[in-house]
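Student:
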Amino acid sequence: MRIQHLIKKVIGNYFSSDEIQRFRQPGAADLSFWQDNGFLILKGFFPADRCRQINDLIDRAWQDRQRADNPLVIDAFLDSPGGKRMHLRDAPDEARKHPYKLNDLFLELQPVREMVLDPLLCDYLRALLEGDPVICNSLSFEYGSQQGDHLDTFYMPPPVTNRLVVTWIALEPARGDAGPLRYYPGSHKITPYLFSHGRLHSIEAEMPSFYEYIYTECGKRGIKPITFLAEAGDVFIWHAQLLHGGEGIKNIALTRRSLVTHYFRAQDFPASAMKAAGTGRYYLDRGHQPVP
Ligand SMILES: O=C(O)CCC(=O)C(=O)O
Ligand SMILES: [Fe+2]
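Under the numbering used here, the residue at position 119 of the sequence shown is numbered 178, and the numbers go up by one with no gaps.
The structure is reproduced here in structure tokens:
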């Protein structure tokens with residue numbers, strides 16, 4: 060690790076940060092940190108101008124949303140019970156003033172796909188998944204999610220145990236009052252809670268028992284939540300079994316744009332179920348989320 064720092068320091072005099080990025084590779088230290096903690100933070104992974112480009116595209120997606128054939132789907136009004144899933148083309152202006160998730164932008168926007176399947180990012184995902192990544196879905200946030208603590212396997216358990224990783228890309232700084240991401244380091248080592256059907260997929264009525272279990276287990280291990288105060292371009296990667304959520308928003312004027320992507324392992328799916336964005340970089344070949 061030390062030698063990597065030294066190399067970076069020396070080449071830093073000669074190359075831009077974008078070029079230095081090319082020297083970055085997942086190493087043994089990353090993997091052992093991941094095994095111990097269940098997350099990785101890649102500071103300044105994407106340059107600021109690349110984040111700005113994505114933010115501009117999202118602004119444009121809002122401005123041009125009313126096209127009749129616009130397939131994008133949004134989960135809007137997340138600050139009201141249950142929220143409301145709708146086509147983006149039907150969303151009122153008001154929907155952008157409340158927390159929302161814009162789903163699967165990577166299916167429509169090439170630069171978003173190139174970011175969430177960035178070749179170097181995929182090198183990390185490949186090392187963590189022990190196989191090529193395939194995108195299951197993505198969510199774009201403008202505000203904090205304010206989501207309660209959860210495991211993503213409640214909603215999308217992978218076909219093979221633990222072969223799910225998630226990237227959270229900061230598209231702008233995430234401040235403490237903006238409802239930052241919250242995570243519980245090392246919680247991925249807790250024996251997974253199985254719902255009454257014997258699986259990881261959550262059953263709403265059994266959530267109180269889950270919380271009692273997980274917080275007790277965190278307490279036994281001295282695990283306390285940490286908030287991630289990101290800068291634009293930082294990437295946070297979490298393990299399938301890492302407990303996490305979103306802090307409450309203290310100042311609704313503060314945005315904290317981020318892009319969350321869930322990846323399975325490609326070899327766990329038939330080739331016919333996937334599309335390739337490049338060598339060893341895939342996404343599931345499927346349509347947008349159904350709107351009720
Ligand atoms: O960004 C957040 O607040 C949490 C998002 C999250 O947990 C998810 O999309 O799985
Ligand atoms: Fe999550």
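Cβ coordinates follow ideal geometry from the N, Cα and C atoms, glycine included.
Who are the near neighbours of A150 in its chain, counting only those whose CB is closer than 6 Å to its CB and skipping five residues on each side?
Tutor: Sequence index remark: in the sequence shown, residue 150 carries index 91 (1-based). The answer, listed in chain order, is I133, A135.
Student: For A264, which of helix, strand or coil comes out of DSSP?
Tutor: Walking along the sequence shown from the start, residue 264 turns up at place 205. Note: A264 maps to helix in three-state DSSP.
Student: Alpha carbon to alpha carbon, how far is M60 from L90?
Tutor: Translated into the one-based positions of the sequence shown, residue 60 becomes position 1. Translated into the one-based positions of the sequence shown, residue 90 becomes position 31. With a pLDDT of 47 at M60, under the threshold of 50, the modelled position of that residue is not reliable, and the figure given next carries that caveat. Going by the C-alpha atoms only, they are around 12 Å apart.
Student: In whole angstroms, give me the CA-to-CA distance for Y341 and P178.
Tutor: Stepping through the sequence shown from its first residue, residue 341 is reached at position 282. Stepping through the sequence shown from its first residue, residue 178 is reached at position 119. Near 11 Å, if we compare the C-alpha coordinates of P178 and Y341.
Student: Using DSSP bridges, identify the partner residues of W297.
Tutor: Locating residue 297 in the sequence shown gives position 238, where the first residue counts as 1. BP columns for W297 point to F98, V225.
Student: Could you check what DSSP says for M60 in three-state terms: helix, strand or coil?
Tutor: Counting from one through the sequence shown, the residue named residue 60 turns up at place 1. Any reading at M60 must be qualified, since the residue scores a pLDDT of 47, below 50, and its modelled position is unreliable; no value is offered.
Student: Check whether the Cβ of D138 sits closer than 8 Å to any heavy atom of ligand 2, and report yes or no.
Tutor: Along the sequence shown, read from residue 1 onward, the residue named residue 138 stands at position 79. Because no heavy atom of ligand 2 lies under 8 Å away, the Cβ of D138 does not count as near it: no.
Student: Which first and last residues belong to the beta strand (DSSP E) in which V319 is found?
Tutor: For the purposes of this step, residue 319 is taken as the residue at position 260 of the sequence shown. Element bounds for V319: 317-324.
Student: Using the DSSP secondary-structure output, state which residues sit across from M145 in a beta bridge.
Tutor: Counting from one through the sequence shown, the residue named residue 145 turns up at place 86. Answer by DSSP bridge pairing, in chain order: I133.
Student: Which first and last residues belong to the beta strand (DSSP E) in which L161 is found?
Tutor: In the sequence shown, counting from the first residue as 1, residue 161 sits at position 102. Start and end: 160-162.
Student: Taking 6 Å as the limit between beta carbons, can you name the residues of its chain near Q125, skipping five residues before and five after?
Tutor: The residue given as residue 125 occupies position 66 in the sequence shown. Excluding positions up to five away in sequence, the list reads R148.
Student: Less than 8 Å between the CB of Q169 and some heavy atom of ligand 1, yes or no?
Tutor: Residue 169 sits at position 110 when you count from the first residue of the sequence shown. No, since every heavy atom of ligand 1 falls outside the 8 Å radius drawn around the Cβ of Q169.
Student: By the DSSP assignment, the alpha helix (DSSP H) with V175 in it spans what residues?
Tutor: As a first step, residue 175 is located in the sequence shown; it is residue number 116 there, counting from the start. Per DSSP, V175 belongs to the alpha helix (DSSP H) from 169-175.
Student: For ligand 2, which residues count as neighbours when the test is a C-beta closer than 6 Å to any heavy atom?
Tutor: Here the residues come out as H209, D211, H303.
Student: Count Cβ pairs between the region 104-117 and the region 220-233 that sit closer than 8 Å; are there 3 or more?
Tutor: The answer is yes - the region 220-233 touches the region 104-117, with three or more Cβ pairs under 8 Å.
Student: Please report the straight-line C-alpha distance between I296 and A325, rounded to a whole angstrom.
Tutor: Against the sequence shown, residue 296 aligns to sequence position 237. Against the sequence shown, residue 325 aligns to sequence position 266. Spanning the two alpha carbons is a distance of roughly 18 Å.
Student: Quick check: the Cα distance between L99 and N221, rounded to an integer number of angstroms?
Tutor: Residue 99 sits at position 40 when you count from the first residue of the sequence shown. Residue 221 sits at position 162 when you count from the first residue of the sequence shown. Near 16 Å, if we compare the C-alpha coordinates of N221 and L99.
Student: Go to Y342, then tell me how far its beta strand (DSSP E) extends in each direction, as first and last residue.
Tutor: To locate residue 342, count along the sequence shown from 1; it is residue 283. Note, Y342: beta strand (DSSP E), 340-343.
Student: Exposed or buried, which one is I282 when buried takes at least 16 other CB atoms within 10 Å?
Tutor: The residue you call residue 282 lines up with position 223 of the sequence shown. Buried, because 16 or more other Cβ atoms sit within 10 Å of the Cβ of I282.
Student: Taking A289 as the reference, which of L240, L164, A264, V171 has the closest Cα?
Tutor: Residue mapping note: residue 289 aligns to position 230 of the sequence shown, counting from 1. Per the Cα distances, L240.
Student: Would you kindly work out how many angstroms separate the C-alpha atoms of N96 and N310, rounded to a whole number?
Tutor: Start at 1 with the first residue of the sequence shown, and residue 96 comes out as number 37. Start at 1 with the first residue of the sequence shown, and residue 310 comes out as number 251. Their backbone Cα atoms lie some 30 Å apart in a straight line.
Student: Rank Y272, P85, N114 by C-alpha distance to the C-alpha of E201 and give the top, closest one.
Tutor: Mapped onto the sequence shown, residue 201 falls at position 142. Considering only alpha carbons, the answer is N114.
Student: Pull up the distance between the alpha-carbon of T338 and that of L168, whole angstroms please.
Tutor: Counting from 1 along the sequence shown, the entry for residue 338 is found at position 279. Counting from 1 along the sequence shown, the entry for residue 168 is found at position 109. Rounded to the nearest angstrom, the two C-alpha atoms are 19 Å apart.
Student: For G245, which residues of its own chain have a beta-carbon under 8 Å away from its beta-carbon, when the five flanking residues on both sides are left out?
Tutor: Locating residue 245 in the sequence shown gives position 186, counting from the first residue. Hits under 8 Å: D95, N96, G97, R280, I282.
Student: Report the rounded CA-to-CA distance for A186 versus N162, giving the unit in angstroms.
Tutor: Mapped onto the sequence shown, residue 186 falls at position 127. Mapped onto the sequence shown, residue 162 falls at position 103. Looking at the two C-alpha atoms, the distance is approximately 26 Å.
Student: Taking only the alpha-carbon atoms, compute the straight-line gap between D236 and A330 and give it to the nearest angstrom.
Tutor: One-based indexing of the sequence shown puts residue 236 at position 177. One-based indexing of the sequence shown puts residue 330 at position 271. One C-alpha to the other measures close to 44 Å.
Student: Once DSSP output is grouped into helix, strand and coil, what is the label at I194?
Tutor: For the purposes of this step, residue 194 is taken as residue 135 along the sequence shown, with counting starting at 1. Three-state DSSP puts I194 in a strand.
Student: Tell me which same chain residues have a C-beta within less than 6 Å of the C-beta of A299, skipping the five on either side of it?
Tutor: By one-based count along the sequence shown, residue 299 stands at place 240. Excluding positions up to five away in sequence, the list reads T212, N221, L223.
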